[in-house]
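Undergrad: Before anything else, here's the structure in question.
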Amino acid sequence: MNLSKPVSKIDGTTRVLGLIGNPVAHTLSPEIHNTLASLCGRNLVYVPFPVEQGALDRAVQGAYALHVLGLNVTVPYKRDVLLCLKEIDPLAETVESVNTLVSVPGGYRGYNTDMSGLFRAMTEDGVALQDEEVILLGAGGVGRAVAYLCAMKGAACVFLLNRSEEKAKAVAREVNAKIGRECVLGLSLEAYRTLPAKKYLAIQATSVGMFPRLDEAVIEDPAFYRLLHTGYDLIYRPGQTKFMRQCEQAGARAFNGLKMLVYQGVEAFELWNDTTVTKEQAQEINRMLSQRF
Ligand code: NAP
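Using my numbering, the first residue of the sequence shown is number 242, and each one after it goes up by one.
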């Protein structure tokens, strides 16, 4: 069976799911969700919908009018879409970033399954945030959300290192103010040299090392990697980044971002269908995607 094809033929009871964003042509979400529909025996079809600038609210209201069961939201609308919703889940409201819309009476409820998916992936990999001292590399869209996740999940502190130090400091101010404790410290990329010599969890949330820049890591100095017990790279293509290789050479555990990608999809699918995806089904998606990279 070709797992990327819907299990049932499209008929009068088929429900529609989709992705809104711009661009959307590169997305792996149709493969993830059409395969999950097959594996779970659901009569669903998932398609990408490019949405032009200025058309977001009409797109969301139109989807609701058409009984579209649920939507994913990608760049550049993860924040703007908050204004188009009937309800917002507390995690998404705190992070001010929504990637999943679930149909409720009168509109859609917004969730952030990027972060709940990352947390589920880390938990499955045995990587804890509670009481951890975390080095977070990158203060872009994902880095900012991960800073919130770490703070909300009880990290002892987060050293947020970014090429643009001002951006790291701005994210730290924002997260600390909202969370109500001084948890995140915004620093320059080079500031790892000043950190106390302990063992840290590092989360790599920059785009450095992503295909095709295979031979780059955001920090090249081997001394940095000797500070780590675990390196969690959010990049999934390639499956093993230079950051991960350097972690392993320094004796640290290393993980890539594929499981995060899988679980953000799994969590959205579960919300849309009020079901639980088994670990085996999630592993099937993981296997299918890992063959792609
Ligand atoms: P973004 O908003 O564009 O942020 C990019 C980050 O990378 C910024 O912190 C930026 O630093 C840093 N950066 C870029 N080029 C650099 C360089 N040459 N040297 C040092 N730092 C550099 O991107 P994003 O949306 O946060 O995504 C970041 C990465 O997360 C993506 O590349 C992707 O691999 C990964 N991701 C994974 C998943 C998943 O499901 N696994 C989902 C989404 C994203 P400045 O602020 O100084 O520019």
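All C-beta atoms, glycine included, are put in the ideal place defined by N, C-alpha and C.
#1: Taking three-plus beta-carbon pairs below 8 Å as touching, is the region 333-353 in contact with the region 384-403?
#2: What does the alpha-carbon distance come out to for the pair residue 460 and residue 431?
#3: When the Cα of residue 352 is compared with those of 458, 362, 330, which residue comes out closest?
#4: What does residue 398 pair with, by DSSP beta-bridge criteria?
#5: On the premise that residue 470 lies in contact with residue 441, defined as a C-beta separation below 8 Å, what is that separation, rounded to the nearest angstrom?
#6: In angstroms, rounded to a whole number, what distance separates the CA positions of residue 310 and residue 406?
#7: State buried or exposed for residue 254, treating a residue as buried only when at least 16 other CB atoms are found within 10 Å of its CB.
#8: Below 8 Å on the Cβ atoms is my guess for residue 417 versus residue 379; work out the distance and round it to an integer in Å.
#9: For residue 371, count neighbouring Cβ atoms within 10 angstroms of its own Cβ and tell me buried if that reaches 16, exposed if not.
#10: Is the beta carbon of residue 523 sitting closer than 8 Å to the one on residue 507?
#11: Would the beta-carbon of residue 296 be found less than 7 Å away from any heavy atom of the ligand NAP?
#12: Note down the Cα distance separating residue 325 from residue 332, rounded to an integer number of angstroms.
#13: Tell me, which residues are paired with residue 295 by DSSP?
#14: Grab me the residues of residue 457's own chain with a C-beta within less than 8 Å of its C-beta, minus the 5 sequence neighbours each way, in chain order.
#15: Should residue 355 be counted as a contact of the ligand NAP given a C-beta to heavy atom distance under 7 Å?
#16: Check this for me: beta carbons of residue 505 and residue 358, under 8 Å apart or not?
#17: Following a CB-centred definition, is residue 422 positioned closer than 7 Å to any heavy atom of the ligand NAP?
#18: Quick check: residue 435 and residue 281, are their CB atoms within less than 8 Å of each other?
#19: Report the option in 427, 316, 264 whose CA atom is closest to the CA atom of residue 412.
#20: Just reading off the beta strand (DSSP E) that residue 251 is part of, what are its end residues?
TA: Put simply:
#1: yes
#2: 8 Å
#3: 330
#4: 374
#5: 7 Å
#6: 41 Å
#7: exposed
#8: Their Cβ separation, rounded to whole angstroms, is 18 Å, which puts residue 417 and residue 379 out of contact at 8 Å.
#9: exposed
#10: yes
#11: no
#12: 17 Å
#13: According to DSSP, residue 295 bridges with nothing at all.
#14: 449, 450, 483
#15: yes
#16: yes
#17: no
#18: no
#19: 427
#20: Looking at the DSSP string, residue 251 is not in any beta strand (DSSP E), and its letter there is neither H nor E.
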